[in-house]
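S.K.:
6 protein chains.
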Amino acid sequence: MRPSGRAPDQLREIVLETDVSMHAEGSCLAKFGDTHVLCTASLIESVPPWLRNSGRGWVTAEYGMLPRATTSRSEREAARGKQSGRTLEIQRLIGRSLRAVTDLTGFGERQIKLDCDVIQADGGTRTAAITGAYVALYLCFQHMHRFGAVKRIPLREEVAGVSCGLYEGTAVLDLDYAEDSSAQADANFVLTAGGGIVEVQATAEQDPFTRAQYDLLLELAEAGVRQLVGHQRRALGLA
Amino acid sequence: MRPSGRAPDQLREIVLETDVSMHAEGSCLAKFGDTHVLCTASLIESVPPWLRNSGRGWVTAEYGMLPRATTSRSEREAARGKQSGRTLEIQRLIGRSLRAVTDLTGFGERQIKLDCDVIQADGGTRTAAITGAYVALYLCFQHMHRFGAVKRIPLREEVAGVSCGLYEGTAVLDLDYAEDSSAQADANFVLTAGGGIVEVQATAEQDPFTRAQYDLLLELAEAGVRQLVGHQRRALGLA
Amino acid sequence: MRPSGRAPDQLREIVLETDVSMHAEGSCLAKFGDTHVLCTASLIESVPPWLRNSGRGWVTAEYGMLPRATTSRSEREAARGKQSGRTLEIQRLIGRSLRAVTDLTGFGERQIKLDCDVIQADGGTRTAAITGAYVALYLCFQHMHRFGAVKRIPLREEVAGVSCGLYEGTAVLDLDYAEDSSAQADANFVLTAGGGIVEVQATAEQDPFTRAQYDLLLELAEAGVRQLVGHQRRALGLA
Amino acid sequence: MRPSGRAPDQLREIVLETDVSMHAEGSCLAKFGDTHVLCTASLIESVPPWLRNSGRGWVTAEYGMLPRATTSRSEREAARGKQSGRTLEIQRLIGRSLRAVTDLTGFGERQIKLDCDVIQADGGTRTAAITGAYVALYLCFQHMHRFGAVKRIPLREEVAGVSCGLYEGTAVLDLDYAEDSSAQADANFVLTAGGGIVEVQATAEQDPFTRAQYDLLLELAEAGVRQLVGHQRRALGLA
Amino acid sequence: MRPSGRAPDQLREIVLETDVSMHAEGSCLAKFGDTHVLCTASLIESVPPWLRNSGRGWVTAEYGMLPRATTSRSEREAARGKQSGRTLEIQRLIGRSLRAVTDLTGFGERQIKLDCDVIQADGGTRTAAITGAYVALYLCFQHMHRFGAVKRIPLREEVAGVSCGLYEGTAVLDLDYAEDSSAQADANFVLTAGGGIVEVQATAEQDPFTRAQYDLLLELAEAGVRQLVGHQRRALGLA
Amino acid sequence: MRPSGRAPDQLREIVLETDVSMHAEGSCLAKFGDTHVLCTASLIESVPPWLRNSGRGWVTAEYGMLPRATTSRSEREAARGKQSGRTLEIQRLIGRSLRAVTDLTGFGERQIKLDCDVIQADGGTRTAAITGAYVALYLCFQHMHRFGAVKRIPLREEVAGVSCGLYEGTAVLDLDYAEDSSAQADANFVLTAGGGIVEVQATAEQDPFTRAQYDLLLELAEAGVRQLVGHQRRALGLA
């Protein structure tokens with residue numbers, strides 16, 4: 001029995017609220033239950049030095065967590081003077097995930113910066129961030145399209161992330177904090193609408209897990225991402 | 001004529017939404033028009049070293065702005081590795097303002113940390129932060145009271161902040177970004193319910209301003225704070 | 001009775017010693033009693049990036065305190081690896097104060113950097129810094145004038161700073177450390193020779209202060225700045 | 001055809017040289033072809049604060065690369081003043097991988113720090129580091145056993161890491177730099193002697209990869225790790 | 001011919017002004033011509049962790065240069081966020097030099113911090129700092145003696161520093177900036193009153209120098225330090 | 001009697017192993033007994049800003065120590081976020097020493113970066129680094145010569161470093177850690193093949209040392225460097 005009473009293959013309530021920022025070119029507040037991540041896409045009219053004169057654009061991400069997004073207050077990274085290894089690891093993951101579905105030759109020498117800020121955390125912040133960032137990125141491209149900056153949305157297919165894990169011996173989908181903190185294994189999957197694998201990060205917290213367990217987690221993730229892609233399409237008015 | 005069409009002595013629409021964080025002991029989302037600041041109060045069961053064994057508590061604040069809270073994206077302070085002078089100045093102001101109305105001997109050797117994070121900015125973020133932080137602090141003390149940690153709420157009176165300035169020669173209340181960016185003078189006032197002056201920060205952007213102009217600004221602020229205190233009381237169910 | 005035996009409206013002994021640095025284009029050692037601040041003006045033949053090709057110059061300030069300028073040794077900011085919030089706040093204040101009286105279009109695309117280093121501290125270092133920095137800046141422009149770099153001194157009027165506060169219930173001018181550390185309220189005023197208000201920073205240390213008290217402080221400051229401007233003029237040989 | 005002429009399922013030449021440091025309690029120079037990683041295990045007679053009085057020990061890792069370990073010189077992280085996200089990500093991975101096979105209750109309140117420094121890089125530094133760090137850790141425990149600090153070696157089974165990827169459409173084992181820099185997908189597997197999965201980090205560099213491709217990579221890794229475990233046992237004189 | 005017209009073995013005008021700081025336990029403004037270094041000695045009633053319960057004290061130094069102490073303004077180290085290699089090298093040298101003549105068992109578990117801040121630089125700042133720091137340290141011990149904290153001044157003999165170099169082929173004493181910047185070799189000697197060698201730092205700027213040249217420099221330094229010790233004794237009223 | 005049983009004027013076993021890095025343009029593993037320093041020379045096709053359009057090149061060095069190069073593990077400087085004063089001092093010394101024998105006008109506007117990383121430490125790391133860096137630099141120039149980038153090797157003569165000290169009252173050559181940690185005085189000499197003095201850094205650890213002692217140390221160093229130059233020539237196949 002899961003603490004939340006959910007079935008093993010049941011996502012939390014998913015809400016993808018669009019256009020939540022008056023300034024950003026694209027934005028989405030992604031809610032996976034009590035995990036709330038504000039994702040904004042900012043269009044920047046220049047690229048990093050190593051892409052100048054390449055004709056290609058870039059998509060990158062930054063991740064942060066408000067100090068009291070968590071059960072007990074965590075130190076503010078700006079005050080501490082550096083981002084933690086966990087933060088850097090997550091923002092690199094978000095950036096790679098989005099670039100995997102973006103046609104980087106399709107929007108000129110521009111950069112889109114995805115800021116994913118966790119307003120409230122209850123497990124699964126990185127997968128909510130990826131799922132919401134896709135929506136913000138799409139909206140940013142739509143904005144650019146309206147002004148003629150791109151001819152078509154340079155995204156090949158949807159991408160979304162979800163976590164799975166072994167909780168009291170059972171494979172479960174979309175762990176919340178109560179589950180995550182006592183799971184034996186924790187795996188984050190980033191998959192595309194077409195079922196392609198973009199990123200896998202699986203970690204055995206205590207004992208190693210078996211190939212069979214691992215396959216179960218991947219199957220849960222595939223089903224979960226199909227639902228998340230449905231949410232993305234509805235949020236964008238595409239379904 | 002103000003860009004927003006407001007009268008010179010008219011505040012923006014003020015919303016003080018309480019209990020917006022599932023984790024914080026007290027929280028308030030303060031909206032001054034399109035300026036939205038999330039204020040959380042976190043109870044910490046220890047004090048800074050210099051207060052140990054003093055029997056006194058401490059109230060302090062941290063301030064941050066999401067990178068895309070602003071018209072064009074600003075650099076993330078955590079990525080940059082340090083907080084700007086502006087950020088440090090504002091968070092010191094918030095802390096002093098709240099301490100000025102708190103009985104620091106009234107809640108034991110504990111610390112309350114007020115995190116004020118700007119979700120969206122349209123001018124006047126520091127004054128919205130102070131106004132919302134008061135509400136979050138009150139709710140935190142109320143929470144402590146329910147659990148018997150304090151006998152009474154150790155706050156002497158309400159405190160709120162508002163900005164005033166000279167815009168096209170006229171003294172106006174509660175500047176938004178359009179006004180702020182072209183004002184000749186900008187003054188932030190932190191006043192109490194009883195009309196006491198807690199903090200004044202006035203800056204002539206171009207020409208110095210006169211004593212008469214300055215007095216006008218202070219009078220606008222006094223009227224504005226009276227209204228803000230009304231909003232605080234209603235948000236807390238005290239009026 | 002003030003600890004120093006001064007009358008409530010009496011400044012400390014003021015000395016503005018000019019040309020104290022063999023290298024700087026302008027320099028002034030400002031002494032407000034035992035508070036000694038070395039102010040140097042350095043001419044830099046370039047402007048910050050955001051002013052390039054604007055035809056305008058820039059005036060900015062940095063502030064520091066020698067580790068043993070204070071009663072007990074304070075940590076060296078260079079060793080600590082960052083400037084404190086207090087330091088950043090003060091140097092921003094000095095820069096804004098001097099820019100308020102400078103014609104930034106009057107000396108080409110150049111920058112003048114004012115370094116204000118506290119050699120010995122006894123309260124009121126920021127106001128001594130502003131008062132001395134004006135003299136150093138004037139001398140720097142005079143130096144530029146001699147070499148034909150400016151046609152006239154691009155300063156509109158004198159600017160000076162002074163602190164006032166409530167000490168044992170009485171409004172007093174130019175607080176020294178003994179007064180400052182036990183004052184109920186502390187206000188720094190930056191005013192021009194013509195009585196214009198450039199900056200006000202007022203802080204109630206404990207109880208809020210009243211409008212009437214506040215007005216008294218401002219009046220003391222107006223009288224104090226008139227005397228400081230006299231000292232500036234004499235130091236510059238203009239009176 | 002692989003640039004090195006290896007078969008798709010062929011490891012590079014593996015050398016695990018032991019006791020290469022005169023100071024460290026355990027050490028191993030792990031060579032995967034031209035990738036050389038010096039792994040040292042340092043015994044520290046204390047634990048991090050959050051483990052004090054828990055009766056448990058800790059194993060952690062740090063990773064670094066000499067500036068000219070790479071084709072073109074990379075900046076020294078110590079000179080730059082911070083470790084990159086990549087470095088932090090890798091050292092967290094190494095630490096988790098080793099903890100997954102260590103009985104943390106089996107060596108008292110002590111800490112073992114694994115330093116993995118890349119002397120020369122040619123792809124696959126993190127997997128060589130994990131494979132070598134296991135050997136250094138074993139030797140450190142053996143050293144502690146000789147002095148009676150532990151009754152038995154508190155390691156449950158061997159752990160080793162290997163990378164796999166899709167190179168010109170073919171699944172290949174143990175990528176070198178020439179392959180890695182043009183692979184379509186890159187996956188790092190950390191597996192135990194018994195076939196348990198400890199960590200998976202898979203990244204599609206361009207197009208997402210399919211479930212079938214992913215399964216092929218995992219099978220290559222399983223065969224590769226079996227061979228690496230054999231090398232570990234021989235290096236330790238256990239086979 | 002030296003730019004200053006001095007004889008090869010002639011020091012600049014030396015002034016050691018004592019008790020220049022109202023707060024420090026000992027202080028000396030050391031002037032070697034136009035090089036002015038403010039040296040303060042601060043008594044701290046604790047020692048670094050590694051000396052606790054050793055019965056020994058510690059003497060250490062910090063060095064800094066005001067931004068406009070130099071011909072062209074140099075960046076403020078506190079603003080830059082770190083001390084340069086040159087600064088660290090110099091302050092380590094000052095600390096070692098003073099410890100070499102101090103009986104560290106003679107003043108209890110206390111620390112004396114010597115702050116040497118260059119107010120104006122014209123070459124030879126490190127040697128002026130050492131010479132002045134000795135005087136400040138002596139005065140600090142004298143202060144401690146008056147209050148009974150030490151029975152006798154725990155200094156074995158005077159120590160002073162002086163630079164020598166090869167300028168246009170001639171060995172000269174106490175280089176000023178004009179000489180230093182074009183010298184072929186530059187050597188700093190720290191010697192005691194009794195002629196003992198405490199520190200030598202010699203650097204050939206272009207061509208290596210010969211043993212004979214080196215011996216000449218050392219002889220000049222010996223004569224120079226004898227004079228500097230005379231200045232120290234007169235400044236302290238001991239001669 | 002020295003702990004190692006060596007005669008007072010006897011070097012440790014010296015090994016200068018060349019071409020130890022597959023990537024670097026020149027490399028040398030310098031072993032002075034158990035002190036092992038990996039020196040690589042990296043050719044960079046640009047110069048620092050202040051040398052642009054000067055027609056001159058630059059040689060500079062960086063120094064590091066692996067955390068477990070030492071008896072007890074030392075903190076990783078990259079993790080700590082800054083290089084120590086000792087590190088900065090040593091790398092500045094290495095750079096100056098090599099520049100003293102290099103014709104900076106002889107290899108165009110290029111930079112050669114010498115990385116000296118201590119793999120294992122047993123005293124005398126800086127002198128081993130200088131001795132090995134010379135060999136790496138020579139090999140780098142030889143590499144450039146093969147490709148026609150220089151017409152001749154722009155090195156005037158060999159340079160090498162060695163430490164000397166007073167150990168139990170006797171002057172000894174090439175101190176190992178056991179001697180170094182209890183020596184009364186420690187001096188590092190950098191000399192050329194022709195006997196020229198490039199750098200001297202001498203420090204009295206406790207009592208000052210005499211002129212006669214100092215002269216003995218220099219003579220030991222001269223004999224030691226002659227042998228080291230022989231090793232350099234043999235390693236480079238020049239003798």
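Protein chains in written order, with this note's numbering: chain H, 1 to 239; chain P, 1 to 239; chain D, 1 to 239; chain S, 1 to 239; chain V, 1 to 239; chain A, 1 to 239.
Here a beta-carbon is modelled for each residue, glycine too, at the ideal position from N, C-alpha and C.
Closest to R68 (chain S) by C-alpha separation, out of A:T70, A:T71, A:R73, A:E62, would be which residue?
M.R.: Of the candidates A:T70, A:T71, A:R73, A:E62, the one whose C-alpha sits nearest the C-alpha of R68 (chain S) is A:E62.
S.K.: In terms of residues, what are the limits of the alpha helix (DSSP H) holding A79 (chain D)?
M.R.: Element bounds for A79 (chain D): 77 to 80.
S.K.: Tell me V198 (chain P)'s beta-bridge partners as DSSP assigns them.
M.R.: Beta-bridge pairing links V198 (chain P) to no other residue.
S.K.: Cα separation between Q201 (chain P) and E199 (chain D)?
M.R.: Cα to Cα, the separation comes out at about 7 Å.
S.K.: Taking the straight line between their C-alpha atoms, what separation do you get for E17 (chain H) and K151 (chain H)?
M.R.: Spanning the two alpha carbons is a distance of roughly 26 Å.
S.K.: Of all the CB atoms in chain A, is at least one closer than 8 Å to the CB of P49 (chain V)?
M.R.: So no, P49 (chain V) is outside the interface.
S.K.: Using the rule of at least 16 other Cβ atoms within 10 Å of the residue's Cβ for burial, across every protein chain shown, is P208 (chain D) buried or exposed?
M.R.: Its Cβ being crowded by 16 or more others within 10 Å, P208 (chain D) is buried.
S.K.: Hey, quick one: how far does the beta strand (DSSP E) through Q184 (chain D) stretch, first residue to last?
M.R.: Q184 (chain D) -> no beta strand (DSSP E), and no H or E assigned at all.
S.K.: Cβ of G95 (chain H) within 8 Å of Cβ of V37 (chain H)?
M.R.: Going by C-beta atoms, G95 (chain H) is not nearer than 8 Å to V37 (chain H).
S.K.: My guess is that D174 (chain P) and G237 (chain P) are in contact by the Cβ rule of under 8 Å, so how many angstroms apart are they, rounded?
M.R.: 24 Å between Cβ atoms; not a contact.
S.K.: Output the distance between the C-alpha atoms of T131 (chain P) and A185 (chain D), rounded to the nearest integer angstrom.
M.R.: In a straight line, the C-alpha of T131 (chain P) is about 22 Å away from that of A185 (chain D).
S.K.: Using the three-state DSSP reduction, which class does M22 (chain S) fall into: helix, strand or coil?
M.R.: Three-state DSSP puts M22 (chain S) in coil, outside helix and strand.
S.K.: Residues in the region 51 to 83 of chain A with C-beta within 9 Å of chain S's C-beta atoms, listed in sequence order?
M.R.: Per Cβ criterion, the list reads E62, G64, L66, P67, R68, A69, T70, T71, S72, R73, R76, E77, A78, A79, R80, G81, K82, Q83.
S.K.: Distance check for I153 (chain P) and Q241 (chain P), CA to CA, integer angstroms please.
M.R.: Absent from the structure is residue 241 (chain P), since the part of chain P shown begins at 1 and ends at 239.
S.K.: Can L88 (chain H) and G64 (chain S) be called in contact, C-beta distance under 8 Å?
M.R.: The answer is no: Cβ separation not under 8 Å.
S.K.: Select from D:L11, D:L217, D:L43 the residue whose C-alpha is nearest the C-alpha of L32 (chain D).
M.R.: Position check: residue 32 (chain D) holds Phe in this sequence, whereas Leu was assumed. Answer by Cα proximity: D:L11.
S.K.: Using a threshold of 8 Å, state whether the C-beta atoms of E157 (chain A) and T192 (chain A) are closer than that.
M.R.: Their beta carbons are under 8 Å apart, which means E157 (chain A) touches T192 (chain A) by this criterion.
S.K.: Alpha carbon to alpha carbon, how far is H23 (chain D) from R110 (chain D)?
M.R.: The straight-line gap from Cα to Cα measures roughly 18 Å.
S.K.: For L114 (chain V) and N53 (chain P), what's the separation of their Cα atoms in angstroms?
M.R.: Whole-angstrom Cα-Cα distance: 33 Å.
S.K.: Taking the C-alpha atoms as reference points, what is the distance between C28 (chain P) and S97 (chain D)?
M.R.: Going from the Cα of C28 (chain P) to the Cα of S97 (chain D) covers about 36 Å.
S.K.: Thinking G26 (chain S) and C140 (chain S) are a contact (beta carbons under 8 Å), I'd like their distance in whole angstroms, please.
M.R.: Correct: roughly 3 Å between the Cβ atoms.
S.K.: Flag A24 (chain D) as yes if its beta-carbon sits less than 8 Å from any beta-carbon of chain V, otherwise no.
M.R.: Closer than 8 Å to some Cβ of chain V, the Cβ of A24 (chain D) qualifies, so yes.
S.K.: Across the region 162 to 181 of chain D and the region 206 to 221 of chain D, are there enough close Cβ pairs to call them in contact, namely three or more that are closer than 8 Å?
M.R.: Because the criterion of three Cβ pairs below 8 Å is met, the region 162 to 181 of chain D and the region 206 to 221 of chain D touch.
S.K.: Cβ of V101 (chain D) within 8 Å of Cβ of V159 (chain D)?
M.R.: A contact, by the Cβ cut-off of 8 Å.
S.K.: List the endpoints of the continuous alpha helix (DSSP H) containing S97 (chain H).
M.R.: 85 to 99 is the span of the alpha helix (DSSP H), which, as asked, contains S97 (chain H).
S.K.: If you check the beta carbons only, do S163 (chain V) and A178 (chain V) fall under 8 Å apart?
M.R.: Going by C-beta atoms, S163 (chain V) is not nearer than 8 Å to A178 (chain V).
S.K.: At 7 Å on the CB atoms, spell out the chain C contacts of S21 (chain V), in chain order.
M.R.: No chain C appears in this structure, whose protein chains are H, P, D, S, V and A.
S.K.: In terms of residue numbering, what span does the beta strand (DSSP E) encompassing A171 (chain S) cover?
M.R.: A171 (chain S) -> beta strand (DSSP E) spans 170 to 173.
S.K.: Could you say which of A:S21, A:L228, A:Q91, A:T203 lies nearest to G195 (chain A) if we only look at CA atoms?
M.R.: Selected option, being the one with the closest Cα: A:L228.
S.K.: For L166 (chain H) and V190 (chain H), I'd like the C-alpha separation in whole angstroms.
M.R.: Using only the alpha carbons, I get a separation of about 18 Å.
S.K.: Taking the straight line between their C-alpha atoms, what separation do you get for V47 (chain P) and Y138 (chain V)?
M.R.: Straight-line Cα distance between these residues: approximately 40 Å.
S.K.: For the beta strand (DSSP E) that contains I44 (chain A), what are its first and last residues?
M.R.: Per DSSP, I44 (chain A) belongs to the beta strand (DSSP E) from 35 to 44.
S.K.: Compare the C-beta of I94 (chain S) against all C-beta atoms of chain H and say whether one is closer than 8 Å.
M.R.: Chain H, which has no Cβ nearer than 8 Å to the Cβ of I94 (chain S), makes this no.
S.K.: Which of the three DSSP states, helix, strand or coil, is assigned to M144 (chain D)?
M.R.: M144 (chain D): helix per DSSP, three-state reduction.
S.K.: What are the residues in the region 34 to 49 of chain S lying within 8 Å of chain A by C-beta distance?
M.R.: Listed in sequence order: D34, L38, T40, S42, I44.
S.K.: So if DSSP puts T203 (chain V) in a beta bridge, which residue, or which two residues, is it bridged to?
M.R.: T203 (chain V) is bridged to V:D186, A:E199.
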